[in-house]
DNA sequence: GCTATAATACTGTGATCACAAAATGCGCTA
DNA sequence: TAGCGCATTTTGTGATCACAGTATTATAGC
């Protein structure tokens, strides 16, 4: 499929993006998929060495991630992976419900049959992942499905805000998911897609938002891994 | 009031914040209050020279402001003050209505009598500014009043999202305000505060959100200064 | 053995340097 | 005079250096 000819090197289009951009993408992925432990501190030189670059692009990436809320910076400037408290988690999830509800309402009229077919694939992958308790696949499919819907809202600002919230929720979803025997309600995505297909975006949005909130409550009530405070005891 | 003794130098507490932090604050203010013309490009070296610093902290500030959405970065990396299109403006204002409504509902129960008195001062200043057609004072009082309310929501994430939206809307509010003979509805803030005092946060939120939306419509229908596209013809 | 102190390493911050790509301006030609 | 091509300058990007504040650790004293 790949490697048309002329060398056939496995280098992809040799992304001409600046280094700090690629670093940002890499760190973003790592954070959203929860590959960092909350409280872990990321030093400029440390990350630079890990990536084999100079400290400079790392500095740019980290400060950008801090600005995006993906990382936290304590008073002395050290950048750490945020420990999310119960309060913050609730806040983020409730805001997610509000904004993603809106995004779904806006998107529903613009979802065509082709899009629906594609979305159903994600929904299927989601159910598979749930059945297999595959957290990684679950989170990935979940993101593909949700943003696959939201992008049809044609609201870049809204999309950006939602991504921002996901970024804030990301570091712990992974951790928490480990504790959950049955994560989420697998049939929910199908209902959402059905409602969208029938043209009742309101109902779809309602289901989706409710799912987010019940997921939140499940997590809040089930687990014991919460940190006491955001900026304390970073051991 | 100030200058306890021991020198009495007019240096304020000699803010020990890092340079890039102060630069960020300065640029933030300048952007929100619309002191930059949309499309204007901000070069690292240029700003550095203007502030009398090295390019380094400027680089940090600019990239952070880009991450926050206050500035735009076109493909080649140049940072420019975003030209806001009608679509983006509508989107931002509608999202403002949604989020600030929520913030008001959350805040209302927590607003005490002392807070109310303080808020009434801002409302008064707002009315004064409107009467005098003083755009600068208007925007300042408006911000003081609104965020004076929202901070009682005790929702840092929500507050951050709202600030983000203000940042996106800022660059043009100022410009547009120049064209408007009568900006906004001066009695609105008073109604909001009255409702809050009576304990009906829902009603207050409703009034506030409606004010945002009517303001948006006023601006959309009145003015002619809109740019055609975001990333084009940056002359 | 414990604590206080001093030395060391670490880390964030800012400055300067170097390089490549893009934009700009100028001159030449048709 | 309009269009094209080249040279200069600007500008973003990355690297390295320097410095100050902080945390850590080792050591000496009680």
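Protein chains in written order, with the numbering used here: chain V, 1 to 235; chain A, 1001 to 1235. Glycine residues also receive a C-beta, built at the ideal position from the N, C-alpha and C atoms. It should be emphasised that the depicted structure is a prediction, and the values quoted were computed from it without experimental measurement.
Taken in chain order, the members of the segment 1068-1086 of chain A whose beta-carbon sits within less than 9 Å of a beta-carbon on chain V are 1068, 1069 and 1077. By the criterion of a C-beta distance shorter than 8 Å, residue 78 of chain V is surrounded in its chain by 41 and 43, once the five residues flanking it on both sides are discounted.
Here DSSP, grouped into helix, strand and coil, assigns residue 73 of chain V to strand.
Among the CB atoms of chain A, one or more fall inside 7 Å of the CB of residue 161 of chain V. Counting only Cβ-Cβ distances below 9 Å, residue 1060 of chain A has contacts in chain V at 59, 60 and 63, in chain order. For residue 102 of chain V, the chain A residues whose Cβ falls inside 7 Å of its Cβ are 1098, in order along the chain. In the displayed model, residue 168 of chain V falls within a helix according to three-state DSSP.
Look at the segment 127-158 of chain V: the residues with a C-beta under 8 Å from a C-beta of chain A are 155, 156, 157 and 158.
In chain order, 165 place their CB closer than 7 Å to the CB of residue 95 of chain V, counting only its own chain and leaving out the 5 sequence neighbours on each side. Between residue 159 of chain V and residue 142 of chain V, the C-beta spacing is not below 7 Å.
Approximately 5 Å separates the beta-carbon atoms of residue 97 of chain V and residue 213 of chain V; this is inside 8 Å, confirming the contact. In the structure shown, the three-state DSSP call for residue 81 of chain V is coil. A direct Cα-to-Cα measurement between residue 23 of chain V and residue 1208 of chain A gives close to 42 Å.
Taking the C-beta atoms as reference points, residue 64 of chain V is found nearer than 7 Å to residue 1067 of chain A.
Think of a sphere of 7 Å around the beta carbon of residue 1168 of chain A: the chain V residues whose beta carbon falls inside it are 157, in chain order. Ranking V/103, V/149, V/54 and V/153 by CA distance to the CA of residue 121 of chain V puts V/149 first.
Cβ neighbours of residue 27 of chain V within its own chain (closer than 7 Å, five residues either side excluded): 61 and 65. Under a 10 Å Cβ-count criterion, residue 189 of chain V is classified as buried, with 16 or more other Cβ atoms of the shown protein chains found around its own Cβ. Under DSSP, residue 42 of chain V forms a beta bridge with V/79.
Residue 161 of chain V has its alpha-carbon roughly 20 Å from the corresponding atom of residue 1172 of chain A. Judged by beta-carbon spacing, residue 1081 of chain A lies beyond the 7 Å limit of residue 157 of chain V, meaning their Cβ atoms are not closer than that value. Between the alpha carbons of residue 21 of chain V and residue 56 of chain V lies a gap of roughly 12 Å. Between the alpha carbons of residue 73 of chain V and residue 1222 of chain A lies a distance of about 43 Å. Assigned with DSSP and collapsed to three states, residue 163 of chain V falls in helix. Taking a beta-carbon distance threshold of 7 Å, residue 1092 of chain A counts as an interface residue toward chain V. Taking a C-beta cut-off of 9 Å against chain V, none of the residues of the segment 1204-1224 of chain A qualify. Counting along the chain, no alpha helix (DSSP H) covers residue 1154 of chain A, and no H or E run does either. Membership of residue 20 of chain V in the alpha helix (DSSP H) is indicated by the continuous run 19-32.
Taken atom to atom, the span from the alpha-carbon of residue 187 of chain V to that of residue 136 of chain V is near 19 Å. The beta carbon of residue 1054 of chain A is closer than 7 Å to those of 1048 in its chain, skipping five residues each way along the sequence. Judged by DSSP in its simplified three-state form, residue 1087 of chain A adopts helix.
Distance from the CA of residue 1017 of chain A to the CA of residue 1025 of chain A, rounded to the nearest whole angstrom, comes to 11 Å.
About 42 Å separates the beta carbons of residue 58 of chain V and residue 196 of chain V, which is beyond the 8 Å limit, so they are not a contact pair.
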